[in-house]
Each structure stands twice: as C-alpha cells, then as structure tokens.
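Q: Residue numbers (our numbering): 644 to 1189. Every residue, glycine too, gets a C-beta built ideally from N, C-alpha and C. Bear in mind the structure is a predicted one, so any value in this text is a computation, not a measurement. One structure, pasted below without further comment.
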C-alpha cells in the first residue's frame, strides 16, 4: 500500500468513527447540487453535520457512498470544492482546510480530498491589519526577531526561531534567507495571539481567525547577491511600515544604509530594531545606538530612542521624518514587548483612494485539485470568490479573462479580501505557466493600458560616472523586475542629479500608472523614480483571444 493511500484510508477510518459529522460524496456539481430546492436541502444537511460535530464537519470527496476510494478528475474535484464552498456559505459555515491525495494509475490518476468545514462565516478582518517589511544586513537577525515576535518564544541563541520563516531546505541548512518569507500574528483585547507552530497551515489560519487585529510580516533577504529580492519585497508589497534591523555585535553596514535608503525612498515610516543586545555589553550597545542615530541624521531623519522616550511617544511621533529605535534581543525577549505595543497600536498607512480592485502578482503556484494560484498583496479595492477579472498584460500586451475560484489569506480561506491583504487567489481560465510575476489582476470591466514605456522623474543615488542615453538597469516597479532602457532628458544624468527620463521596457509591457514609485539598479549603481506619464495601448486595442 502506498504512503498516500495509507494516510487517506486512515482519514476515512477517522471519519467513519465520527459518525454524523462526516459526509461521503463522489462529486458535487453545479448543475445537480445547486439546482432549485437542492441547494437549500444540502445546506441544511451540512448545517446538521456541523452541529453534530460540535462546530466542525468532514466532507470526503472522490469516494463512494460507503467510503470506497474512487477518485475523480481534477476539474471535477475543483468544481466539487466550489459547490461545497457555496453550500457552506449558505449554512453559515466555511471550508477551513482541504487535504488531497492522488489515486489510481498515473495515466488515469484521480483525486480524493478531505475538506474540514467549520461553523461561522468566513473571516473578514478589519481595516487595521498592517503589513511590515523587514530589511537589514545578512545575519543581523531579521528572521529570528520576526520568528520570536510571531511565536512569542525566545530564540535558542542559534537562530532557532528563524526556522519558522525560512521555507527552503537550503535556507535552513545555511541559515540564510534566499527569498521573501511571510509570517503573521495578531492581537485581541486579551493580548497577543501567537502561532504555536508556524509550519502548520492550520496554525496560521487560527491566528487569522481569532485575532481582532493582524500584523503581517514580509521578511526580506539581507545577503548582497539577493538585493533584487529585497527590493522586490520593499517595492512590490503594499507595506505600512518598515522594520530595519541592526545587530549590536556588528553595527550599521553598507547594506544597512542601502536598505535604509530604499525604505526612505519608498516614503515608508520605519522603525529600527537593534538586535542581539544580549551579545554585547552596555557600552557597546550605547555606541551602536549612537551610530544608528548618526546614520539617520545623515539622511535627514530624527531618531527617537524608545528606551528614553517610551512607546507612547514612538507611536505618536513615528512618521516619514521620525524613526524610533528599539533595543531588542530574541534570546532574552528584551524589547519585544515594546515592539508588540507599537504594532498593536500603529495605524494603517497604506491606503488608496482608488476603489476598484487591483493586485500585482508576486508569486505563482499550482494546487492539486484547484489549479493556478496568483499570490500578492491587494493594492486597492476588494475581491470576492466568483468575481470575473482581467489578468495581464500578457507578453503580447493582451489581458486574459479569468474567474476567482477561491481566496486564501495565510492559509485561511476567506470569501473576500480587501486592500492590504496578502492573499493567494485561485484562478479559473488560465494555467499557472501563463502567469508571471509583475502581471496585475483587475476587474473584468476595467480598460487597463499595456505600457511599454513611461515618463519619470528620477534621482541618481549612486553611479560611478554619468548616466547616458541607452543606459540599461533593472527597474523594480510594484512586483515587476524588468530590464529597461533609459533615455535621460538632455542626454545624461550625473550622480546626485534629479531629472526627467523616458523609461522603456526592453522585453514586454506592464501595467503602469502615474504616481507609482520605483527603484532602478545596475551593479552598484542605483536610484529611485516616480512615474509622471505613461504611454500605453488600451486593453481593447491589444486584447487577445482566450
């Protein structure tokens, strides 16, 4: 017997023991199970199952009425989950988790799934959910600090809580993050809601469900070769605050200053956490804080020591010009109470006057039985299960019509997501291989441009010589990281200059709009810019066939 089949049969045996809270279905279809009269009857049945199971029911799909393993095609399984979600919503419940197994020969491999349905409508967290982006030099303790914040557990001195965020085996082995990681914790009137085991999807979902206020972290990469990934995390996410870490046993470095420059260029209110306070004596800690204060003053910011002025002052004064400094240790947990108190009270800053839905794709993946998933941060508006959207632009400039199958936030399925949420949206009408980072999702009735070039106001932060016409850096705009060609007004820009330039994407168009900020980089050269005008084709002019 295969391992998958053994796990599946064990789940079936548990389901049989639970009796009235378990339902076996070979499949669910829209035509049959959502027909007039049938929907109400099945919703009432689901409600009975949930109440019989003390608030939870189990639906096993892809099996016969007596629990025999059958397996159904992926499309049929996906439709079954869509129908079950509608039935659950009608019954005042929601699907909390789905486990799937493949059965049968590879040539005719089907799916069996176990869906857990819980009482209560799908969660719609409040508008005070804030998103924090971390930055700082490699090995300065970003991931360890975040790991201790979201779990409430002290680190073992070896970066153990960092393992709650690093998701790739080579990251855990080397102790270096190589891609963006995500974490979440929250607050109720009774205090912080921590994750017991962040590796369990259900644990993240529990935090999202229980907390009245959520704090999500986008943990970036400190190693110099992955600076483009750090920029992607700070530019491509809809962040409310930055958290810059500086290790007490090292102090500010060139990378620290570079990351600070990016945070400030994106006009992101920032907190500095001096980490590893337990690793040095008080004299060294004072010295590093003075170094951080000088670094901030050098870029026109006012430092505010939380040890001296308190959390109330930090919350009140934190702004584009005032940067609080907190001394912390993930080992002794010193200073983490101050960070908790700040994150619990800081207001949301990333608001948008635009009402229509927009999300730039940051990651893509495929889920068995569900299909293509586009992940990212909702920039504006809101999206619901069943919405029809446009995805694009594709490489030829066209936009593809797609439908929202389902939405998850930190592995908790929701029926609606608002601006500021980090979500995964399962899409119908497109393959995962066709979705690329940098694409956008918009309402189906939108008329989005497909932009090949745009006008920008740029500032050169660092360049060994002058920038001439034809300069080819990489631009990081929203979630896109793309090679471009610069055409400076007047033919050149000198280091420290601010001036106008036409920026042309080398290989494909993107959705770009006035007011967006971006970072450009090539080798050690870098700068920032703001889009002031776009030159694009309307979607109707470039629309392709589905």
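Within its chain, find whatever has a CB closer than 8 Å to the CB of residue 920; leave out the 5 residues flanking it on each side and keep chain order.
A: 891, 928, 970, 971, 972, 975, 977 and 978
Q: Based on DSSP bridge pairs, tell me the residues matched to residue 1150.
A: Its beta-bridge partners do not exist; DSSP assigns none.
Q: Would you report the Cα separation of residue 667 and residue 704, rounded to the nearest angstrom?
A: If you take the alpha carbons of residue 667 and residue 704, they lie about 6 Å apart.
Q: Between the Cα of residue 682 and the Cα atoms of 893, 1096 and 728, which residue gives the shortest distance?
A: 728
Q: Count the other CB atoms, across all protein chains shown, that sit within 10 Å of the CB of residue 1005; report buried if there are 16 or more and exposed otherwise.
A: buried
Q: Among 952, 1045, 915 and 951, which one has its Cα closest to the Cα of residue 934?
A: 915
Q: Could you tell me whether the segment 1123-1143 touches the segment 1061-1073, where touching means 3 or more Cβ pairs closer than 8 Å?
A: No, the segment 1123-1143 does not touch the segment 1061-1073.
Q: Where does the unbroken alpha helix (DSSP H) through residue 899 begin, and where does it stop?
A: 897-908
Q: How do the segment 1135-1146 and the segment 1077-1095 stand: do at least 3 beta-carbon pairs fall below 8 Å, yes or no?
A: no
Q: Once you ignore the five residues that flank residue 939 on each side, which residues in its own chain have a CB closer than 6 Å to its CB?
A: 946 and 966
Q: Tell me whether residue 1008 is buried or exposed, calling it buried when 16 or more other Cβ atoms sit within 10 Å of its Cβ.
A: exposed
Q: Under the three-state reduction of DSSP, which class applies to residue 922: helix, strand or coil?
A: Looking at residue 922 - three-state DSSP - the assignment turns out to be helix.
Q: Report the residue from 745, 1022, 1089 and 1028 whose alpha carbon sits nearest the alpha carbon of residue 1062.
A: 1022
Q: Could you pull the DSSP bridge partners for residue 1001 from this structure?
A: 1023
Q: Are three or more beta carbon pairs between the segment 1025-1033 and the segment 1044-1053 nearer than 8 Å?
A: yes
Q: Beta-carbon within less than 6 Å of residue 986's beta-carbon, same chain only, minus the 5 sequence neighbours each way: which residues are those?
A: 858
Q: Tell me residue 1122's beta-bridge partners as DSSP assigns them.
A: Residue 1122 pairs with nothing; no bridge assigned.
Q: Determine the direct distance from the alpha carbon of residue 1177 to that of residue 1149, and round the result to whole angstroms.
A: 16 Å
Q: Assign residue 798 to one of two classes, buried (16 or more other C-beta atoms within 10 Å of its C-beta) or exposed (fewer than that).
A: buried
Q: Under 8 Å between the Cβ atoms of residue 1100 and residue 1175?
A: yes
Q: Distance, Cα to Cα, residue 754 vs residue 835?
A: 39 Å
Q: Can you pull the DSSP bridge partners for residue 929?
A: Answer by DSSP bridge pairing: none, since residue 929 is not bridged.
Q: Comparing alpha-carbon positions, which option in 1015, 1158 and 692 lies nearest residue 718?
A: 1015
Q: So, residue 730 versus residue 678, is the Cβ gap smaller than 8 Å?
A: no
Q: Determine whether the beta carbon atoms of residue 968 and residue 884 lie at a separation below 8 Å.
A: no
Q: Let me make sure I understand the geometry here. Which of 694, 725, 697 and 1135 has the alpha-carbon closest to that of residue 1058?
A: 725
Q: Determine the closest residue to residue 744 out of 761, 762, 964 and 715, with distance taken between C-alpha atoms.
A: 715
Q: Per the DSSP calculation, residue 1111 is bridged to which residue(s)?
A: 1135
Q: Closest by CA to residue 1079, which one among 1119, 757, 1003 and 850?
A: 1003
Q: Determine, using beta carbons only, whether residue 894 and residue 931 come nearer to each other than 8 Å.
A: yes
Q: Among the candidates 1156, 1140 and 1118, whose CA atom is the shortest distance from the CA of residue 1165?
A: With distances taken between Cα atoms, residue 1165 lies closest to 1118.
Q: Within its chain, find whatever has a CB closer than 7 Å to the CB of residue 673; leave out the 5 residues flanking it on each side and keep chain order.
A: 722 and 726
Q: Would a C-beta distance cut-off of 8 Å place residue 853 and residue 831 closer than the cut-off?
A: yes
Q: Count the other CB atoms within 10 Å of the CB of residue 990; is the residue buried (16 or more) or exposed (fewer)?
A: It is exposed - the Cβ of residue 990 has fewer than 16 other Cβ atoms within 10 Å.
Q: So which of 1159, 693 and 839 has the shortest CA-CA distance to residue 665?
A: 693
Q: Taking DSSP's pairing of strands, which residues face residue 729 in a bridge?
A: Looking at the DSSP assignment, residue 729 forms no beta bridge with any residue, so it has no partner.
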